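Novice: Once you've had a glance at the structure underneath, I'll fire off some questions.
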Amino acid sequence: MEKNKKRMVLALFIFLASFFLVSVSLGSETVTVLGNSVKSDPGNKKSIPVFNLPMPGSEQGKSYLGLTGIGNFQIGQIKTHVLIIEVFSFYCPHCQIMASQVNELYQKIQERPEMKEKIKIIGIGASNSTYEVDFFKERYRVPFPLFPDQSIEITQMLGVRGTPTFIGIKVNGNGTQERFYFREGGFEDTSQFLAEIIKLSGLK
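Numbering-wise, this note's numbering puts 44 at position 40 of the sequence shown, and it's gapless, one number per residue.
Quick look at the structure:
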């Protein structure tokens, strides 16, 4: 118990100290500053590399993504038409600032019966352990599943240079996925962001 308490205090100290950092590194790259955003060309669709994520630990997380069983899964198995991936970091102050807005985005989607089964959100923690991802989820009451990417292998496969980065993926019925949206940095208006995702993905 004492050991867990010390770990929690240390994690909290690091977490709060990160607010004073200007940037965080992913490998040799510098994390994107909030507001400095770059979207991919909507016409420049790219295929998504295949990678595995650990099955959500909670039944709520599994139900939200339409998954069952144990072990790993791939994003093509998620029951949705569009998947929004937020690549974040436990140590990224901009991600901490954005957390409430991303939670608001989730709520706006859930409040629309015609969209809540068509658009899902997950978060991938760049260079983060399971402990750090779980701490972030609890601290900011994140309602959607978060996954660790401690080796940053997935982060690099997705072409992400910094956090936060938002990626829109169209999940096709034939088992393939394609990227239609890529944004480095945060967004200010959740309604505008959602409208853009719906328009660029072709959802009706």
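Don't be surprised by glycine CBs; every beta carbon is placed ideally from N, CA and C.
Being a predicted model, the structure only gives us computed values, none of them experimental.
Please report the residue range of the alpha helix (DSSP H) in which F139 lies.
Specialist: As a first step, residue 139 is located in the sequence shown; it is residue number 135 there, counting from the start. 134-143 is the extent of the alpha helix (DSSP H) around F139.
Novice: Go ahead and pull the three-state DSSP assignment for L204.
Specialist: Translated into the one-based positions of the sequence shown, residue 204 becomes position 200. L204 falls in the helix class under three-state DSSP.
Novice: Measuring CA to CA, which of M161, Q100, Q111 is closest to T167?
Specialist: Residue numbering aside, residue 167 sits at position 163 when the sequence shown is read from its first letter. When only C-alpha atoms are compared, the closest one is Q100.
Novice: Would you mind reading off the limits of the alpha helix (DSSP H) that contains K112?
Specialist: By 1-based counting over the sequence shown, the position of residue 112 is 108. K112 -> alpha helix (DSSP H) spans 97-114.
Novice: Please report the distance separating the alpha-carbon of K208 from that of M119.
Specialist: On the sequence shown, position 204 is the one that residue 208 refers to. On the sequence shown, position 115 is the one that residue 119 refers to. The alpha-carbon atoms of K208 and M119 are separated by roughly 9 Å.
Novice: Can you tell which of Y68, H98, P58, Y135 has the C-alpha that lies nearest to the C-alpha of F170?
Specialist: As a position in the sequence shown, residue 170 is number 166, starting the count at 1. Of the candidates Y68, H98, P58, Y135, the one whose C-alpha sits nearest the C-alpha of F170 is H98.
Novice: Locate the beta strand (DSSP E) running through E157, then write down its first and last residues.
Specialist: For the purposes of this step, residue 157 is taken as the residue at position 153 of the sequence shown. From DSSP, E157 is part of no beta strand (DSSP E) but of the alpha helix (DSSP H) over 157-161.
Novice: For the beta strand (DSSP E) that contains G189, what are its first and last residues?
Specialist: On the sequence shown, position 185 is the one that residue 189 refers to. Taken as a continuous stretch (DSSP letters only), G189 belongs to no beta strand (DSSP E), as it is neither H nor E.
Novice: In this structure, how does DSSP classify V86 when only helix, strand and coil are distinguished?
Specialist: One-based indexing of the sequence shown puts residue 86 at position 82. Three-state DSSP puts V86 in a strand.
Novice: Do E157 and F55 come within 9 Å of each other at the CB atom, strictly closer than that value?
Specialist: Along the sequence shown, one-based indexing puts residue 55 at 51. Along the sequence shown, one-based indexing puts residue 157 at 153. Yes; because the gap between Cβ atoms is below 9 Å, this pair is in contact.
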